[in-house]
Amino acid sequence: MSRSMPTMSSLTTHHLLPPFPSDLSTVSLDSISLDELQSSNPSQAETKLFAACQDIGFFYLPLEDSELGRNILREAEDLHALQQRFFALPSHAKDEYGRDKVDPFFSYRWTPCPDGVGRREMYSLRVDDFLRVRQPLPRHPMISSIEPLLASFALHCRQVVQSVLGVLEKSLALPAGALLALHRDDAARGDFIALQHRASEPADELMIQNGEHTDFGSITILFNWLGGLQIREQTNGDGIGEWLYVKPIPGSVVVNLGDSMVKLTAGLLRSNIHRVAPSPGLQAGLPRYSLVYFSHPNDDVPLTPVKGGLVDAAQRETDETGEVVTAADWTVRRSLGDLRGVYTYKGGVEWRDNSDAVPAPSNRPIAA
Ligand SMILES: O=C(O)CCC(=O)C(=O)O
Ligand SMILES: [Fe+2]
Numbered sequence: 001m002s003r004s005m006p007t008m009s010s011l012t013t014h015h016l017l018p019p020f021p022s023d024l025s026t027v028s029l030d031s032i033s034l035d036e037l038q039s040s041n042p043s044q045a046e047t048k049l050f051a052a053c054q055d056i057g058f059f060y061l062p063l064e065d066s067e068l069g070r071n072i073l074r075e076a077e078d079l080h081a082l083q084q085r086f087f088a089l090p091s092h093a094k095d096e097y098g099r100d101k102v103d104p105f106f107s108y109r110w111t112p113c114p115d116g117v118g119r120r121e122m123y124s125l126r127v128d129d130f131l132r133v134r135q136p137l138p139r140h141p142m143i144s145s146i147e148p149l150l151a152s153f154a155l156h157c158r159q160v161v162q163s164v165l166g167v168l169e170k171s172l173a174l175p176a177g178a179l180l181a182l183h184r185d186d187a188a189r190g191d192f193i194a195l196q197h198r199a200s201e202p203a204d205e206l207m208i209q210n211g212e213h214t215d216f217g218s219i220t221i222l223f224n225w226l227g228g229l230q231i232r233e234q235t236n237g238d239g240i241g242e243w244l245y246v247k248p249i250p251g252s253v254v255v256n257l258g259d260s261m262v263k264l265t266a267g268l269l270r271s272n273i274h275r276v277a278p279s280p281g282l283q284a285g286l287p288r289y290s291l292v293y294f295s296h297p298n299d300d301v302p303l304t305p306v307k308g309g310l311v312d313a314a315q316r317e318t319d320e321t322g323e324v325v326t327a328a329d330w331t332v333r334r335s336l337g338d339l340r341g342v343y344t345y346k347g348g349v350e351w352r353d354n355s356d357a358v359p360a361p362s363n364r365p366i367a368a
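In UniProt numbering, the protein residues as written are 1 to 368.
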């Protein structure tokens, strides 16, 4: 890590959980504070952010030093409390909002844990519904009752996404608005808030491997309370590194790029493969929750390289077929099983033999 990180945050509930093991090697991610990014002299933070998005596609964003960030942390804790209550509901109450009843993607989905007893569950909530850009899909009353919280959280996360996109636009020497104009608030956009839960479960290497994925939107903001997220150690050249845990840092979120950013920048930016393994050390055996804000370009945006700056100069192929897909189509194809596998920053989807029997409830192909 580039600088010392606080191990305690007064705004989060991490201290109520067993600590992440101190002796485990973890992946070293840069830390770029929201306050610095939004300051009048952000150039150092911008340089770090751009490098992280090119090299590894992941970074920590400490939120506590800005008003916006503190609001997001408080809202995330409120949503975390709610998701624990929601997932504790009886299965039949949750299944009412399943993909067969509501929507193939923006719905409640689950797959069995390796022990065949517990569930890995994900409830994907379409943000346009809370912002009244689209007619809302049916959702559980517990969700409807906190609509103002969800709307506020979404708008705050979008401010973060805009800051990140603004920096990337500038760093790539693109015309102003080249990326931001593809993420408008007043037109349909596939952003969603994911509530995620997996019951305590035994390690199952095959299942962990089958959960390896890239996110398919533009920018992901991830809130974790327990360890489990892993990305590969960075090696020089093409060597494949070891899977390492990303340590949750109280008061910081993990930000990563999705496939759309790779496609829009002709492969200059990176959406990195990641996965979720059982929580390590004293955290093992606890139910694990995560809360994710997935942002996407507007539905009708073709995922082709934007014009100008470094992208024009890149001259790289990002799609081996040359086929143009819109952001909405890409979500459908990646999430519902058409393009199974991992999108590589070198272009195209790398096939993974993700058996239908063991999908995982995440931002990736799923059968349940
Ligand atoms: O739960 C996590 O830590 C990561 C989840 C994830 O990568 C996803 O849902 O796309
Ligand atoms: Fe992911």
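Cβ atoms here follow ideal geometry from the backbone N, Cα and C, with glycine treated the same way. Every value quoted in this text rests on a predicted model; they were computed, and no experiment measured them.
Beta carbon of residue i nearer than 8 Å to that of residue j
i: Ser-107; j: Gly-98; result: yes
i: Ser-124; j: Phe-192; result: yes
i: Val-276; j: Gly-217; result: no
i: Thr-265; j: Pro-305; result: yes
i: Ser-31; j: Ser-252; result: yes
i: Pro-63; j: Ile-56; result: Looking at the sequence shown, residue 63 is not Pro but Leu. No; because the gap between Cβ atoms is not below 8 Å, this pair is not in contact.
For residue i, the first and last residue of its enclosing alpha helix (DSSP H)
i: Val-167; result: 147-171
i: Pro-141; result: 141-144
i: Arg-334; result: 327-335
i: Thr-220; result: From DSSP, Thr-220 is part of no alpha helix (DSSP H) but of the beta strand (DSSP E) over 219-224.
i: Val-262; result: 259-264
Cβ neighbour criterion (16 or more within 10 Å) applied to residue i
i: Ile-231; result: buried
i: Pro-361; result: Reliability fails at Pro-361, whose pLDDT of 37 lies under 50, so the model's placement of it is uncertain and no value is given.
i: Ser-40; result: exposed
i: Asp-186; result: exposed
i: Gly-69; result: buried
i: Arg-184; result: exposed
Residue i (DSSP reduced to helix, strand or coil)
i: Phe-294; result: strand
i: Leu-63; result: coil
i: Ser-252; result: strand
i: Thr-235; result: coil
i: Gln-38; result: coil
i: His-274; result: strand
i: Ala-188; result: coil
i: Phe-50; result: helix
i: Ile-208; result: helix
i: Leu-195; result: strand
i: Phe-216; result: coil
i: Leu-229; result: strand
i: Ser-279; result: coil
i: Ser-33; result: coil
Cutoff 8 Å: residue i Cβ touching any chain D Cβ
i: Gln-84; result: The structure shown contains no chain D, having only a single protein chain.
Residue i, enclosing beta strand (DSSP E) - first and last residue
i: Arg-85; result: Premise fails: Arg-85 lies in the alpha helix (DSSP H), 67-87, not in any beta strand (DSSP E).
i: Thr-111; result: 108-112
i: Leu-125; result: 119-126
i: Leu-244; result: 243-245
Nearest-angstrom Cα separation, counted from residue j out to residue i
i: Ala-357; j: Gly-211; result: Note on Ala-357: pLDDT 30, under 50, position unreliable in the model; the coordinate value appears next. Each residue's Cα considered, the two are about 12 Å apart.
i: Ile-273; j: Val-167; result: 23 Å
i: Val-255; j: Pro-280; result: 21 Å
i: Gln-234; j: Ser-271; result: 14 Å
i: Arg-132; j: Arg-189; result: 12 Å
i: Pro-287; j: Ala-88; result: 11 Å
i: Val-267; j: Met-261; result: Sequence check: residue 267 is Gly here, not Val. Answer to the nearest angstrom: the Cα atoms are 8 Å apart.
Distance cut-off 7 Å: residue i Cβ against heavy atoms of ligand 3
i: Thr-111; result: As far as ligands go, the structure on display features ligand 1 and ligand 2 and does not contain ligand 3.
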